[in-house]
Amino acid sequence: MPHKASALTLRDVYSLGEQLEADRELPAATLSERDHAIGRSCGERDDIESLRYWLQAVATADSAPPWLSETQAALLLRMLALLAGTMAVGGFLLASDRALVNVFLFLLVFVALPLLFAALAAGVMLRAAFGRPSPVSPFNPTRFVARRALPGQAKLLESSAAVRLLALRYGQELGMLFAIGVMLAFMVLLAFTDFSFVWGSTFGFSDAAVNSAITALAAPWSSWLPQAVVPATVVIDTRYHAAQLDFSQLSEASRRGWWPFLFMCLTVYSLLPRLLLWLASRRLYRRELTRSFLGLPGAAAVLSRMRSPVVRTQAGDPEHVDARLSAMTYDGATLLLEWAGSLADTGDVSLRLAKDDNHLRAGLGSPADDLDSIELINRRRPNLLLVAVKSWEPPMADLADVLADIEGVSQCILQLVPLKGRKVSEANLRDWKAFARKLKFAATEVQPLEGLA
Amino acid sequence: MTRSRDVGLPHFAVVGRPNKGKSSIVATLARDDTVRIAARAGSTRSTRRFPMRVDGQVLYELIDTPGIQRARQMLAWLRANCADAAARPAAVRQFLEEHAEQEQFADECHALAPIVEGAGIIYVVDGSVPFGGDYEAEMEILRWTGRPSLALINPIENSDYVEQWTAGLGQYFQTVRSFDAHRAEYRKQLELLTLFGHLDPEWRQPLQRAVDVLEADRQRQHHEAGEIIAGLLYDGLTFTVEQAVPEGLPEEPVRKVLFSRYQRQLIKRERSARARVEELFYYRDLSKSEQGMDFDEEDLFHQENWYLWGLSRKQLLLAAGAAGGVAGGGAGAVVDGMAGGLLGGLATLAGGISGAVASTRSVLRRSDDLAKWTVSGVPAGGNRLAYGPSRNPNFPFVLLGRAMQHHRAISQRTHAVRATLELNEPALDWLGDKDKRRLARIFEDIRSGKRVSERRAELTALTQAWCQEVDAE
Chain U
0 MPHKASALTL RDVYSLGEQL EADRELPAAT LSERDHAIGR SCGERDDIES
50 LRYWLQAVAT ADSAPPWLSE TQAALLLRML ALLAGTMAVG GFLLASDRAL
100 VNVFLFLLVF VALPLLFAAL AAGVMLRAAF GRPSPVSPFN PTRFVARRAL
150 PGQAKLLESS AAVRLLALRY GQELGMLFAI GVMLAFMVLL AFTDFSFVWG
200 STFGFSDAAV NSAITALAAP WSSWLPQAVV PATVVIDTRY HAAQLDFSQL
250 SEASRRGWWP FLFMCLTVYS LLPRLLLWLA SRRLYRRELT RSFLGLPGAA
300 AVLSRMRSPV VRTQAGDPEH VDARLSAMTY DGATLLLEWA GSLADTGDVS
350 LRLAKDDNHL RAGLGSPADD LDSIELINRR RPNLLLVAVK SWEPPMADLA
400 DVLADIEGVS QCILQLVPLK GRKVSEANLR DWKAFARKLK FAATEVQPLE
450 GLA
Chain Y
0 MTRSRDVGLP HFAVVGRPNK GKSSIVATLA RDDTVRIAAR AGSTRSTRRF
50 PMRVDGQVLY ELIDTPGIQR ARQMLAWLRA NCADAAARPA AVRQFLEEHA
100 EQEQFADECH ALAPIVEGAG IIYVVDGSVP FGGDYEAEME ILRWTGRPSL
150 ALINPIENSD YVEQWTAGLG QYFQTVRSFD AHRAEYRKQL ELLTLFGHLD
200 PEWRQPLQRA VDVLEADRQR QHHEAGEIIA GLLYDGLTFT VEQAVPEGLP
250 EEPVRKVLFS RYQRQLIKRE RSARARVEEL FYYRDLSKSE QGMDFDEEDL
300 FHQENWYLWG LSRKQLLLAA GAAGGVAGGG AGAVVDGMAG GLLGGLATLA
350 GGISGAVAST RSVLRRSDDL AKWTVSGVPA GGNRLAYGPS RNPNFPFVLL
400 GRAMQHHRAI SQRTHAVRAT LELNEPALDW LGDKDKRRLA RIFEDIRSGK
450 RVSERRAELT ALTQAWCQEV DAE
């Protein structure tokens, strides 16, 4: 069973969940035997690899692959994200006939909004990492890829945090590619078009306030890349008024003085957060995938069965039921046969049953003693033979043998002697009655011996 | 009658009179509830072997035998045919050979054959009845076999005569133990197996290994049982049945059907979990008596799920918002185009947001009217009736209590017991307040879908720990 080690996927989690669910219908003995056999061929592997090996061994044929695989869908979305970034910035920059670019709007659309989305993604990621994943919105384009990461049509509820993180991972990737598209198109367009970067606002911000804001934004790179910091003179020069129609007096430096700053803003506030989030989501997704895979209900039991020997203590063969019935027989009359010292602790009860001369004993001495008693009974041939037995002991074949040798006695009463201080139990009575039915006497009764102290 | 056995393999013939609990002891040690244990004496008529296999390798074997019934006759024969004490085992063997075909001594031959082949002797007596001299013949015969032996006093009804038996048996057996096959806890069963190993130095190692394997198997049983119980609780907390009822149709009959379906499914789920736990502990055919679960209909019923064209209210609002957003955004895009791009898409953004808000608001206000619309006479909307998940905070505790009680009863029961398993006592008295609070939090989170997989894992760990604790008590 060849097995190529590869990264754990959401498909593995889903397939394992499905298989474990299907296994719920199988008997425990079947599961232990099957899983241990797989475990023995699996050898020494870690938990994840062992489970994947197991899955490969037990899973039925995979469903038909979707018309578009996860990789293909991801590639398509990546290209679209790159294209969307390019087109968005192209449309934005080329929309003005005078090649004017409002810096504030540019920052709002291509820096502030992506940053806001990145912050939202970070929040969602944190929630998912702490086990409270929010559902993926039906309009989220990453659903298109995440859906293809699952086999079949069913939802994998148990790993919803993993699904959420997968969607987030693709989301960051797309956001990153969008930002790259924006930056590439921005640079290409700048090379071919003479844009005038200006700023203006209906809120009447002062030049100083804008300068401070710009300086604050450029703080991360101002020390090591001063070329990408907008000088105060450029801020003042590029202030835009709606009535201003002529920009000819604006120096070349002022008009183009913004682009290094804007480029760095795109890099630091748009691309970098996405990059960091992408790295974080990759890591969290892997962690969540592992946790989900190993934490699926039943996964630990599979590992345990794979690693535990199959133990059987039950009978190897089905029980043989002998058709032969329990062979027990009795008899009695005026003679009393005390079996195995059953009347030893009963005082003078024996005298109530029979005269001392008629009191015979068997079952304690040698078989020869028994034969003596049998011979005596056969000689006297009484009508009734009383046989006193210990009710708490089972009827023995030994006694049956003795009774079987008795001849000429028509009636027998088995006197069940109770254990001191107790009554004869129903179960014992039943046993002895069953025994009595097998005896050859014309009439046999079973009676508990009453009136004992 | 005789079979060749692995040389050196520990095997033990469980012998004694009929109805002294031999089969019960075998059933308990072999964890086999298929052993026929009849109240009627002499129900075992032939030997039955119970090999303990680990991955197919036999570590030891128990042999259930028919009761010895003609000990005195046999002993008389042995005495008559053996004058030399050293030849006693051979005399026993000779007896078996000569009487193998005789119906009269069939039980004795069945019982003694494994011993003559080399099995150790486990002699079983009933500690609730007195010791008697009539037992001495069979004990003497066992001594004649020369095989290592121990005696077990099985107090079937009570322990009144255990001391008497201990003294009596001590004259014939080096080791005498009391072992209640119906009540012996697991640890005691393992101790007994260890003791078997002491009968012969060669048997010690395989018996010790068997004990280790059985201990690990026990841990695995509790572990899996804990997971099964946690799964049952999870399903109980999240289980729901629902049905859409179109506007204008009576809801009462649907409610009835749904409620009965909910109850049936949950009971089925609980029973399947019970069967699984029993299977884990090697019970195959157990009769149980358990009080039914009470379901509060009002606690389970939900009707807030309104729908239209198969969409829930939330889905409908989302769809309406999206449609409004697209329409508004489209209008805004036209304005942006007219402004020559200077607005930077703000009009599109504003138009989209306004469209989405307006559309959502109007659906919210008119949704009830919309539900009454009919398409070709068929209502477009209605109510979605649902039963479950239960909102009663006690419900999962009841489910847990029942499951833990069942687990406890199963794991503490021996395979010799044939009585109906009674599950009617409350079983959460062992749960401390701290654990109850923790459980309540877990149940609440699972119910509301928060940190579900983590909470489920936490619940599983808790139930597994409680299951393991059963043996520690």
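The listed protein sequences derive, respectively, from chains U and Y. FYI, numbering that gives the first Met the number 0 numbers position 447 of the first sequence as 446, with every residue one higher than the one before it. FYI, numbering that gives the first Met the number 0 numbers position 85 of the second sequence as 84, with every residue one higher than the one before it. Glycine included, C-beta positions come from ideal geometry on N, C-alpha and C.
Contacting residues, own chain, Cβ-Cβ under 7 Å from residue i (five flanking each side not counted)
i      : result
U:L183 : T85
U:S31  : R304, V309
U:S14  : L54, A58, P150
U:P394 : M327, D430, W431, F434
Y:V115 : V91, R92, L95, T144
U:R306 : G38
Selected residue, minimal CA-CA separation from residue i, among the options
i      : options                        : result
U:N139 : U:A120, U:L149, U:F129         : U:A120
U:E24  : Y:A274, Y:R71, Y:E251          : Y:A274
Y:E139 : Y:P129, Y:N153, Y:Q204, Y:L168 : Y:L168
Y:V334 : Y:G350, Y:A319, Y:A322, Y:K449 : Y:G350
Y:R446 : Y:T239, Y:L430, Y:L420, Y:A418 : Y:T239
U:E425 : U:C411, U:Q446, U:G407         : U:Q446
U:W66  : U:L93, U:V144, U:W223          : U:V144
Y:R436 : Y:V13, Y:P392, Y:Q170          : Y:P392
U:A218 : U:G199, U:S349, U:M263, U:W258 : U:M263
Y:L399 : Y:M292, Y:A346, Y:A385, Y:R260 : Y:M292
U:A28  : Y:L345, Y:V212, Y:A357, Y:L279 : Y:L279
U:T232 : U:M78, U:S222, U:M186, U:S211  : U:S211
The beta strand (DSSP E) enclosing residue i, as first and last residue numbers
i      : result
Y:P245 : 240–245
Y:T482 : A question about residue 482 of chain Y goes unanswered here, because the residues of chain Y that appear run from 0 up to 472.
Y:E421 : 420–422
U:S159 : Premise fails: U:S159 lies in the alpha helix (DSSP H), 159–191, not in any beta strand (DSSP E).
Y:I62  : 56–63
Closer than 7 Å at the beta carbon, the chain Y residues around residue i
i      : result
U:E392 : V128
U:A339 : G131, D133
U:R131 : K449, R450
Alpha-carbon to alpha-carbon, residue j and residue i
i      : j      : result
Y:A99  : Y:Q93  : 10 Å
U:L402 : U:R360 : 13 Å
U:L383 : U:A435 : 15 Å
Y:A209 : Y:I67  : 29 Å
Y:E468 : Y:Y59  : 29 Å
Y:C466 : U:P296 : 17 Å
U:Q18  : Y:V253 : 34 Å
U:Y52  : U:G38  : 9 Å
Y:L74  : U:S365 : 9 Å
U:T8   : U:R33  : 25 Å
Y:L420 : Y:I228 : 18 Å
U:A279 : U:L188 : 33 Å
U:A178 : Y:K449 : 34 Å
Y:Q103 : U:A399 : 11 Å
U:T289 : U:I47  : 8 Å
Cβ neighbours of residue i in the same chain (closer than 8 Å, five flanking residues each side left out)
i      : result
Y:H414 : A26, T27, A29, R30, D31, D32, V34, Y281, Y282
Y:H197 : T174, R203
Chain Y contact residues for residue i, given Cβ-Cβ distances below 8 Å
i      : result
U:Q313 : A29, R30, D31, T33, F49, Y281
U:V310 : M51, R52, V53, V212, L213, D216
U:D397 : Q68, R69, A70, R71, Q72
Range covered by the alpha helix (DSSP H) that runs through residue i
i      : result
U:L224 : That residue, U:L224, is in no alpha helix (DSSP H); it is neither H nor E in DSSP.
Y:P200 : 200–237
U:P447 : Element bounds for U:P447: not the alpha helix (DSSP H) but the beta strand (DSSP E), 442–447.
Y:V253 : 251–279
The ligand FAD heavy atom lying under 6 Å from the CB of residue i
i     : result
U:G90 : The ligand FAD is absent from the structure shown, which contains no ligand whatsoever.
Spatial neighbours of residue i in its chain, beta-carbon cut-off 6 Å, leaving aside the 5 residues before and after
i      : result
Y:H222 : Q463
Y:S158 : G126
U:A194 : Note that residue 194 of chain U corresponds to Phe in the displayed sequence, not to Ala. Within the same chain, U:F194 has close Cβ partners A98, V100.
Interface partners of residue i on chain U, CB under 8 Å
i      : result
Y:R260 : Those within 8 Å of Y:R260 in chain U number zero; the least Cβ separation is about 20 Å.
Proximal chain U residues relative to residue i, where beta-carbon distance stays under 7 Å
i      : result
Y:R219 : S303, S307
Y:P17  : P393
Contacts that residue i makes with chain C (C-beta to C-beta distance below 7 Å)
i      : result
Y:R268 : This model lacks chain C altogether, as its protein chains are U and Y.
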